[in-house]
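In my numbering, the protein residues as written are 82 to 360.
We treat Cβ as the ideally placed atom computed from N, Cα and C, and that holds for glycine.
Quick caveat: nothing in here was measured; it's all calculated off a predicted structure.
As structure tokens, this is what we get:
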């Protein structure tokens with residue numbers, strides 16, 4: 082097999098398994114919650130974590146088979162697939178957490194979890210899925226992929242697919258950054274309101290040493306500043322709610338529905354408040 086054809090196959094495998102993983106996530110979410118939601122991190126119908134996991138398991142199985150065919154047996158594939166897929170899920174969860182300061186899924190309610198990123202239950206499922214993929218699904222995928230399109234057409238089609246994928250990644254990152262900035266702005270509003278409240282409490286608490294007129298002046302100024310901040314915050318919340326309502330198919334609104342356990346490290350209270358209002 083030529084290098085071009087081998088690379089094309091790997092690119093096809095990534096697309097196919099990312100799409101199949103997205104279908105699996107949608108079905109799982111529909112069964113467990115009764116709601117049909119685009120479960121991908123990206124707006125397109127793909128879950129890249131499944132693509133990376135499948136590539137890792139398939140590539141290692143092919144390497145093992147080239148050395149000793151009897152290495153590729155269900156128990157060993159189960160064990161290796163479980164370890165590889167769990168490691169990829171852990172790395173993906175950690176990376177998204179560090180890049181966006183958010184935890185997108187949380188297995189904290191599952192037994193034997195690790196920081197909510199991974200848990201034994203899903204690790205076992207990854208092992209079962211690896212066995213299914215290698216011995217049942219992948220032979221069919223492998224048989225169909227090389228003959229799907231001639232190589233020149235394959236290059237063109239794959240180039241278009243990955244260009245769309247890159248655009249999806251870019252717009253997703255921009256949208257998440259924008260949403261993070263909006264959360265920060267709302268958090269700043271709330272901190273300012275708390276600051277005004279604390280200042281007013283201090284003025285009233287030391288009022289015995291000051292005239293009543295001075296206390297009243299401070300009270301009025303604080304009330305006016307607080308009212309102005311509340312109005313601005315409410316306007317911001319309403320504008321954000323409208324934007325989220327318009328993005329139920331793609332964008333931040335869709336991601337909030339797709340990841341009900343989404344947790345912000347920087348603005349947890351504001352995200353919870355906004356999610357309650359959005360729901």
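The continuous stretches of alpha helix (DSSP H) do not include residue 343, and DSSP gives it neither H nor E. In this structure, DSSP gives residue 226 a state outside helix and strand, which the three-state scheme calls coil. With a cut-off of 8 Å on Cβ pairs, the segment 122-137 is in contact with the segment 88-103, counting three or more such pairs. DSSP places residue 131 inside the alpha helix (DSSP H), whose first and last residues are 129-148. Just measuring C-alpha positions, the residue of 265, 331, 318, 147 sitting nearest residue 345 is 265.
Within the same chain, and ignoring the five residues on either side of residue 152 in sequence, the residues whose Cβ sits closer than 6 Å to its Cβ are 145. A check of alpha carbon separations from residue 222 across 139, 205, 188 identifies 139 as the nearest. Straight-line measurement puts the Cα of residue 250 at about 28 Å from the Cα of residue 115.
The C-beta separation of residue 171 from residue 199 comes to about 5 Å, placing the pair in contact by the 8 Å criterion.
Ranking 117, 112, 113, 103 by CA distance to the CA of residue 329 puts 117 first. With contacts defined as CB atoms closer than 9 Å, residue 321 and residue 332 fail to qualify as a contacting pair. Per DSSP, residue 189 lies in no alpha helix (DSSP H) and is assigned neither H nor E. For residue 210 and residue 202, the gap between their C-alpha atoms comes out near 13 Å.
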